[in-house]
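Throughout, the working numbering is defined as the position within the sequence shown, counted from one, plus 341.
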Amino acid sequence: MAKTKELSKDTRNKIVDLHQAGKTESAIELPAPAASCPPEREPADLPALQQADSSFQSQCRVKLLSLLYSVLIVKSLVYCCGLSLLRILRNKGPSTNCTHAD
Numbered sequence: 342m343a344k345t346k347e348l349s350k351d352t353r354n355k356i357v358d359l360h361q362a363g364k365t366e367s368a369i370e371l372p373a374p375a376a377s378c379p380p381e382r383e384p385a386d387l388p389a390l391q392q393a394d395s396s397f398q399s400q401c402r403v404k405l406l407s408l409l410y411s412v413l414i415v416k417s418l419v420y421c422c423g424l425s426l427l428r429i430l431r432n433k434g435p436s437t438n439c440t441h442a443d
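Okay, structure coming up:
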């Protein structure tokens, strides 16, 4: 639902009078709406906030690098185990324990 401006009774009467007099909408001056939010201001402790932000970024960077190194280590282990398994199976040759019922 769209927001509508609420005008005072005096303002509405003034608009009606100006319309009846043949004035255009640009000639009608409406009062400025009251600010619903306080204006933005600079934080009082800006250097402390910047330090906290850089500290948070460095912590995230360390955690991300730790995760990256962990993934690389796991990848290397899987690769080495796969190579070892292939080497064992290749050197074993065909199995002689199988008996075929012909």
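For glycine and all other residues, C-beta sits at the position ideal for the given N, C-alpha and C.
Practice item. Give the straight-line distance between the Cα atoms of Gly363 and Lys355, rounded to the nearest whole angstrom. Key: For the purposes of this step, residue 363 is identified with residue 22 of the sequence shown, where counting begins at 1. For the purposes of this step, residue 355 is identified with residue 14 of the sequence shown, where counting begins at 1. Put simply, the backbone Cα of Gly363 is about 13 Å away from that of Lys355.
Exercise for review: Taking Lys433 as part of the alpha helix (DSSP H), name the residues at either end of that continuous run.
Suggested key: Numbered from 1 along the sequence shown, position 92 holds the residue referred to as residue 433. Counting along the chain, the alpha helix (DSSP H) containing Lys433 begins and ends at Leu387 to Lys433.
Check your understanding: Going straight from the alpha carbon of Met342 to that of Leu406, what length do you get?
Key -> Against the sequence shown, residue 342 aligns to sequence position 1. Against the sequence shown, residue 406 aligns to sequence position 65. Confidence in Met342 is poor, its pLDDT being 45 and thus under 50, which makes the residue's placement unreliable; the coordinate value appears in the next sentence. Taking the straight line from one Cα to the other gives about 48 Å.
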